Amino acid sequence: MAAPIRRIGVLTSGGDAPGLNAVIRAVVKTAEFEYGWTVYGIERGFEGLIGKPQIRPLDGSAVTGLLPRGGTILGSTNKGHFRAMRVDGELIRDPAPYKELAANARRLGLDGLVVIGGEGSQGIASELASYGVRAIGVPKTIDNDLWGCDQTFGFDTALTVATEAIDRLHTTAASHDRVMVLEVMGRDAGWIALHSGLGGGADIILVPEIPFNVDAIASKVLAREFRGSAFSIVVCAEGANERGGSQVYQEATGTLGGIGAHVATQVGKLTDKDARVVVLGHLQRGGQPTPFDRIMATRYGSAAVRLLAEGHYGEVVVSEGLAITTVKMTDTAGKVRTIPLDHEIIQTARGLGIGFGDEVDPELTPQPLA
Ligand code: F6P
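Quick note: the sequence shown uses this note's numbering, first residue 745, plus one each step.
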């Protein structure tokens, strides 16, 4: 039987998401009040346990006021020593940083580790078991694409920001009879675009799962004009791509992005309408989490501590419908939860006349005479 837990660590890894601080708060409060454990906050993700440990003790008073605060008080690292390399389709990891982390965790007397991070971070955490570190994962990504998890915290906040942006774009688009393209986050999965597009009443939604055709978008815009709506709103996930093309990267930074500008330019040319782009970017990740995300983050953080107390490790806390449950870390690694093409929300959107850029408006397509 594993030794009883007295002290645990908590870290945030990968890109930030609204609700990270709420998870930290829940971990600390539950560990302290329910189990009497000590908690160390590890700074800058896994990197904080490399070299001289960058840690700070966290107790109830250290996490006061954290529930509504965006970002992460512990800082985060995206690409550090633990990054895996893909060689011939296989993930290869340098064991040295894992050994160093484990040695530091032992020296600090950490009996468990709560890893708040996305798919890449959970992959790192799952490796830690073979080095004697007991870790439980809490899924984080605004993209909502963690495999095995119905909803990650941070998604609701991003969705709320994107929906408000669509609401604001509607009034200005209508005033000038323009096509407004809103580029939102969503690298491999278009959940933010899909949900905000439906919630904000977009006319066209472009997601990575459905390669689009600019002619289909232009047809939709012209069909709307024909029916009396001279403006159109297009929501485009940054990872969306044109049929036969590939994802677009910005020349200056090398980061994903720019597909919205491409769509606006092409649709403008094809329709002879004024088409503009707005890139929402990191506004979707910053600021206060919504009440939904605060509650979800709190439930995830508490559940992670309870799981450690019950002797579990190598698992990620996830939501399944309204319930909190777990999946194995090894099961989430390397997998992305994309939108199934037969998803009810896609069906609903299509039924409302929302285009996905993969159809051509039958009213404008010449039909052969019967
Ligand atoms: O993974 C979430 C995400 O928001 C992606 O949609 C986006 O491509 C990425 O983070 C951007 O990350 P960074 O801020 O590191 O460029």
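No residue lacks a Cβ here, since even glycine has one placed at the ideal position from N, Cα and C.
All of these numbers come straight from a predicted model, not from anything done at the bench.
- Distance from A1005 to V1021 at the Cβ level is roughly 5 Å; contact confirmed, criterion being Cβ atoms closer than 8 Å.
- Distances from the CB of M929 to the heavy atoms of the ligand F6P include at least one below 7 Å.
- A distance criterion of 7 Å places the beta-carbon of H1026 in contact range of the ligand F6P, judged by its closest non-hydrogen atom.
- DSSP places I817 outside both helix and strand once states are collapsed to three, so it counts as coil.
- For A879 and M929, the gap between their C-alpha atoms comes out near 29 Å.
- Closest by C-alpha distance to Y1057, out of L872, E908, P762 and A918, is L872.
- For the pair A806 and A1041, the CB atoms are not nearer than the 8 Å cut-off.
- Per the C-alpha coordinates, the member of P1035, G758, E1103 and G1002 positioned closest to L818 is G758.
- When secondary structure is reduced to three states using DSSP, S973 falls in the coil class, being assigned neither helix nor strand.
- Taking a C-beta distance under 8 Å as the contact criterion, E1103 and A918 do not qualify as a contact pair.
- For V1011, the enclosing alpha helix (DSSP H) has its first and last residue at I1003 to T1015.
- By the Cβ neighbour-count rule, S940 is buried, with 16 or more other Cβ atoms within 10 Å of its own.
- Distances from the CB of L1000 to the heavy atoms of the ligand F6P include at least one below 7 Å.
- Of the candidates G789, P841 and E908, the residue whose Cα lies closest to the Cα of G881 is G789.
- One Cα belongs to L913, the other to K823, and the distance between them is close to 35 Å.
- Inter-segment contact for the stretch 1024-1031 and the stretch 958-976 is absent: fewer than three beta-carbon pairs are separated by less than 8 Å.
- Within the model, the alpha-carbon separation for E953 versus A984 is close to 7 Å.
- With a cut-off of 7 Å, the C-beta of D900 is classified as distant from the ligand F6P, since no heavy atom of the ligand falls inside that distance.
- Within the same chain, Cβ atoms closer than 6 Å to the Cβ of W935 are found at N888, the five residues on either side in sequence being excluded.
- Judged by their CB atoms, T1070 and L1051 are nearer to each other than the 8 Å cut-off.
- Of E776, A849, D894 and V925, the smallest CA-CA separation from E1064 is found for D894.
- Between the alpha carbons of G785 and T1092 lies a distance of about 44 Å.
- The beta-carbon distance between A1077 and V1061, rounded to whole angstroms, is 16 Å. This is too long to meet the 8 Å contact definition.
- Judged by DSSP in its simplified three-state form, G1045 adopts helix.
- A straight line joining the alpha-carbon of G945 with that of I910 spans about 8 Å.
- Comparing alpha carbon positions, the residue from A981, E927, R827 and G867 closest to E1059 is G867.
- Residue pairing by DSSP puts K884 in a beta bridge opposite F897.
- The three-state reading of DSSP puts G1097 in coil, since its state is none of H, G, I, E or B.
- Distances taken from the Cβ of N822 to the heavy atoms of the ligand F6P include one shorter than 7 Å.
- For M924, no alpha helix (DSSP H) run applies; the uninterrupted beta strand (DSSP E) run containing it begins and ends at V923 to V928, by DSSP.
- Scanning its chain for C-beta atoms nearer than 8 Å, with the 5 sequence neighbours on each side dropped, one finds around I1098 the residues G941, L942, A946, D947, I948 and I949, in chain order.
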